[in-house]
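Data first, discussion second: the structure below is written as structure tokens.
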Amino acid sequence: MNETLDNRLILLGTKGGPAVRPNSSMPTSNLLFLDHEKILIDAGLGVTKRLVDTGFDLRTLSTIFITHLHSDHILELGPLIHTAWVSGLKSPINVYGPSGLIHYWKNFLKSMATDIKNRISNEDRVPLENIINIHVLSNLPLLIGNIRVLSLKVPHPPMQDCYAFKFEGTKTIVFSGDTHFFPPLGEFAKNSDVLIHEAILTDYIDTLVKKTGLGKKLKYHLLRAHTPVEQVKKIAAMANCKTLVLNHLIPNDDPAYDQNFWLKKISNGWAGKVLVGYDGLEITF
Ligand SMILES: [Zn+2]
1122 MNETLDNRLI LLGTKGGPAV RPNSSMPTSN LLFLDHEKIL IDAGLGVTKR LVDTGFDLRT
1182 LSTIFITHLH SDHILELGPL IHTAWVSGLK SPINVYGPSG LIHYWKNFLK SMATDIKNRI
1242 SNEDRVPLEN IINIHVLSNL PLLIGNIRVL SLKVPHPPMQ DCYAFKFEGT KTIVFSGDTH
1302 FFPPLGEFAK NSDVLIHEAI LTDYIDTLVK KTGLGKKLKY HLLRAHTPVE QVKKIAAMAN
1362 CKTLVLNHLI PNDDPAYDQN FWLKKISNGW AGKVLVGYDG LEITF
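Each residue of the sequence shown is one higher than the one before, counting from 1122 in the working numbering.
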């Protein structure tokens, strides 16, 4: 597949949660093309293969944003960067996210030290650590080319550092990150072109907890850390976004809760344009 730089968003992985089961989608990652910049948001399991399958040349990977350090958003960050490097990447990658990213990256390098050292001395590769820049997020806006990037801390307990991101260029694209119902997101995403928001079906939580074989603690976590789909509508209405995209779906592997089910659920009370995310969904704007 040929890659173009036209403005668009590709949902690479749309699953909420880290487990992978038959029929499930893959954990979170998104590829945003905006004003000739290519930006990856999150790097859950499967991101490398999904990126390559879109036609993405890994040697051109340059900008990554990480919303938070839950494994379904970061598990494949190190392997992705390493694979880009062994695919011939020589130019810098800038990774933006919570402060714990520094610890993650240092320890990934340590865990792969034998391989990395070997490839530098025997294959003449540039030292991997020299081309990766980790940036800890602050409240200040960032500039990626002509795009202004703003972050908003969202409540996703027990995680302390979880962010929504707003990419402001010729279009405005907002990602909620993982969050409990959080009205300030409505203001943050005001008049955005696309709002990508996580969603959970609270009626399904008991079934999910049974499936995992875990107990009350998981139920408690899911209830306090995510946004019920009924409340996503409220955020979308406050934001007055042009398109709402449901993402990080819980559940995501039960045929009874398919696209139509989610669509019906969200359309009842939200009259705007809405898309239910699935792996590979491409949204042009
Ligand atoms: Zn999370």
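Ideal Cβ positions, reconstructed from N, Cα and C, are used throughout, including at glycine.
(1) Check whether the Cβ atoms of H1277 and G1307 sit closer than 8 Å, and answer yes or no.
(2) Given this structure, state the Cα-to-Cα distance separating F1186 from K1385, to the nearest angstrom.
(3) Which same chain residues end up closer than 6 Å to V1141 when comparing Cβ atoms and leaving out the 5 residues on each side of it in sequence?
(4) Pull up the DSSP beta-bridge partners for K1159, would you.
(5) Evaluate contact between the stretch 1161–1177 and the stretch 1264–1277, counting only Cβ atoms and requiring at least three cross-stretch pairs below 8 Å.
(6) What number of angstroms, rounded off, separates the C-alpha of Y1378 from the C-alpha of G1137?
(7) What three-state label does DSSP hand H1191 in the structure shown?
(8) In this structure, what does DSSP give as the bridge partners for F1286?
(9) Could you check if G1336 is buried or exposed, using at least 16 other CB atoms within 10 Å of its CB as the buried criterion?
(10) In angstroms with no decimal places, state the Cα-to-Cα distance between T1323 and V1295.
(11) Which of the three DSSP states is assigned to V1247 in this structure?
(12) Do you know how far the Cα of H1203 is from the Cα of E1403?
(13) For T1405 and chain D, any beta-carbon pair shorter than 8 Å?
(14) Ligand 1 and L1147: does any heavy atom of the ligand fall closer than 7 Å to the residue's C-beta?
(15) Which same chain residues, not among the five before or five after L1210, have their C-beta less than 7 Å away from its C-beta?
(16) Hey, would you say the C-beta of M1280 is under 7 Å away from at least one heavy atom of ligand 1?
(17) If you run the structure through DSSP and keep just helix, strand and coil, what is K1355?
(18) Would you mind working out which of F1309, L1222 and N1215 sits nearest N1254, comparing C-alpha positions?
(19) At a cut-off of 7 Å, would you count D1374 as near ligand 1, judging by its Cβ distance to the nearest heavy atom?
(20) Looking at C-alpha atoms only, which residue of S1313, L1316, N1373 and L1153 is the closest neighbour of K1332?
(21) Could you tell me whether the Cβ atoms of G1401 and L1365 are closer together than 8 Å?
(22) Does the distance between the C-beta of H1224 and the nearest non-hydrogen atom of ligand 1 fall short of 7 Å?
(23) Out of P1376, S1145, Y1225 and T1184, which has the shortest C-alpha to C-alpha gap to L1264?
(24) Can you tell me the Cα-Cα spacing of L1152 and W1383, whole angstroms?
(25) As an exercise, report each continuous beta strand (DSSP E) stretch of at least 3 residues that is fully enclosed by the stretch 1333–1381, in chain order.
(26) To the nearest angstrom, report how far apart T1328 and I1371 are at their CA atoms.
This is what the structure holds:
(1) No.
(2) Between F1186 and K1385, the C-alpha separation is close to 32 Å.
(3) Result list for V1141: empty, nothing under 6 Å.
(4) Bridge partners of K1159: F1154.
(5) Between the stretch 1161–1177 and the stretch 1264–1277, the count of C-beta pairs closer than 8 Å stays below three; the two stretches do not touch.
(6) When rounded, the distance between both Cα atoms is 14 Å.
(7) If DSSP states are grouped into helix, strand and coil, H1191 belongs with coil.
(8) Note: F1286 is bridge-paired with S1272 and F1296 in the DSSP secondary-structure output.
(9) With fewer than 16 other Cβ atoms within 10 Å, it is exposed.
(10) Distance between the alpha carbons of T1323 and V1295 is about 24 Å.
(11) Annotated three-state conformation of V1247 is coil, per DSSP.
(12) One C-alpha to the other measures close to 26 Å.
(13) Included in the structure is just one protein chain, with no chain D present.
(14) The amino acid at residue 1147 is misidentified as Leu; the sequence shows Met. M1147 Cβ: outside cutoff for every heavy atom of ligand 1.
(15) Excluding sequence neighbours, L1210 sits near L1179, R1180 and L1182.
(16) Distances from the CB of M1280 to the heavy atoms of ligand 1 include at least one below 7 Å.
(17) In the structure shown, K1355 sits in a helix (DSSP, three-state: H, G or I).
(18) Of F1309, L1222 and N1215, the smallest CA-CA separation from N1254 is found for N1215.
(19) D1374 Cβ: outside cutoff for every heavy atom of ligand 1.
(20) It is N1373.
(21) The Cβ-Cβ distance between G1401 and L1365 does not fall below 8 Å.
(22) For H1224, the CB stays at least 7 Å from every heavy atom of ligand 1.
(23) Nearest of P1376, S1145, Y1225 and T1184 to L1264, Cα basis: T1184.
(24) Distance from the CA of L1152 to the CA of W1383, rounded to the nearest whole angstrom, comes to 23 Å.
(25) For the stretch 1333–1381, whole beta strand (DSSP E) runs of length 3 or above, ordered along the chain, are 1364–1371.
(26) Cα to Cα, the separation comes out at about 11 Å.
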